[in-house]
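J.: 9 is the number of the first residue of the sequence shown in the numbering used here; add one for each residue after it. Note that CB positions come from ideal geometry on N, CA and C, so glycine has one too.
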Amino acid sequence: GYIRAVVDIHFTEDNAVTNEGQSQRAQAMLYTGTVDNPNFWLPLGGSHLDEGLITEAYSQSDSSKGDENMVEGYLDLAAQTIAKAEGPSGPNPDYLFNLAAYLRSVGAEDGHVFELEHKVRSIVNKMKELKNERAT
Numbered sequence: 009g010y011i012r013a014v015v016d017i018h019f020t021e022d023n024a025v026t027n028e029g030q031s032q033r034a035q036a037m038l039y040t041g042t043v044d045n046p047n048f049w050l051p052l053g054g055s056h057l058d059e060g061l062i063t064e065a066y067s068q069s070d071s072s073k074g075d076e077n078m079v080e081g082y083l084d085l086a087a088q089t090i091a092k093a094e095g096p097s098g099p100n101p102d103y104l105f106n107l108a109a110y111l112r113s114v115g116a117e118d119g120h121v122f123e124l125e126h127k128v129r130s131i132v133n134k135m136k137e138l139k140n141e142r143a144t
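#1: Kindly identify the DSSP beta-bridge partner or partners of Arg12.
#2: By a C-beta neighbour count over all protein chains shown, 10 Å radius and 16 as the cutoff for buried, is Glu141 buried or exposed?
#3: Assuming Glu123 contacts Leu85 (C-beta within less than 8 Å), just tell me the rounded distance between them.
#4: Gly119: buried (16+ other C-beta within 10 angstroms of its C-beta) or exposed?
#5: Can you tell me where the alpha helix (DSSP H) holding Phe105 begins and where it ends?
#6: In whole angstroms, what separates the C-alpha of Ile17 from that of Ala143?
#7: Can you give me the C-alpha to C-alpha distance between Met135 and Gln32, rounded to a whole angstrom?
#8: Please determine, among Gly95, Ala13, Gly41, the residue with the shortest C-alpha to C-alpha distance to Gln35.
#9: Short check: CB of Leu111 to CB of Ile90, under 8 Å?
#10: Taking the Cβ atom as the reference point for each residue, do Val121 and Leu107 lie within a distance shorter than 8 Å?
#11: In the DSSP output, which residue or residues are listed as bridge partners for Gly95?
#12: Following the continuous alpha helix (DSSP H) through Glu123, name the residue where it begins and the one where it ends.
#13: Considering only residues of the same chain and omitting the five flanking positions on each side of Val132, which have a CB-CB separation below 8 Å?
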């Protein structure tokens with residue numbers, strides 16, 4: 009499952025300060041997986057995912073990059089999970105693609121989201137290619 013919560017978000021840009029010197033904030037709806045969700049995982053500790061996958065992702069990367077490489081491995085695992093997951097409201101890639109499109113439309117730069125979007129899109133496209141090959 010997942011839960012919904014309304015959370016305060018705080019803007020970090022210099023122009024996001026009010027005349028009174030307070031940082032601007034807004035409220036946003038946050039959807040987050042719960043530990044009973046088979047796709048729930050914490051990228052930097054604890055997971056329902058096979059720990060062997062994490063080790064494999066890390067071992068296949070360039071170990072000279074250290075922690076940066078570990079993050080890349082986690083992004084790959086997240087992309088694989090998102091690409092294959094579907095909930096009652098639809099395919100998870102759609103949520104990510106819509107989030108990335110919205111961020112671009114408001115001029116927000118989020119390298120993490122955009123890199124994840126790229127990885128998921130690549131996996132989804134490859135899955136479509138394989139499905140089409142098998143159908144012919």
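T.: On the basis of the data shown:
#1: Tyr39
#2: exposed
#3: Contact doesn't hold; Cβ gap of about 13 Å is too wide.
#4: exposed
#5: 100-113
#6: 46 Å
#7: 42 Å
#8: Ala13
#9: no
#10: yes
#11: Gly98
#12: 119-143
#13: Ala91, Pro101
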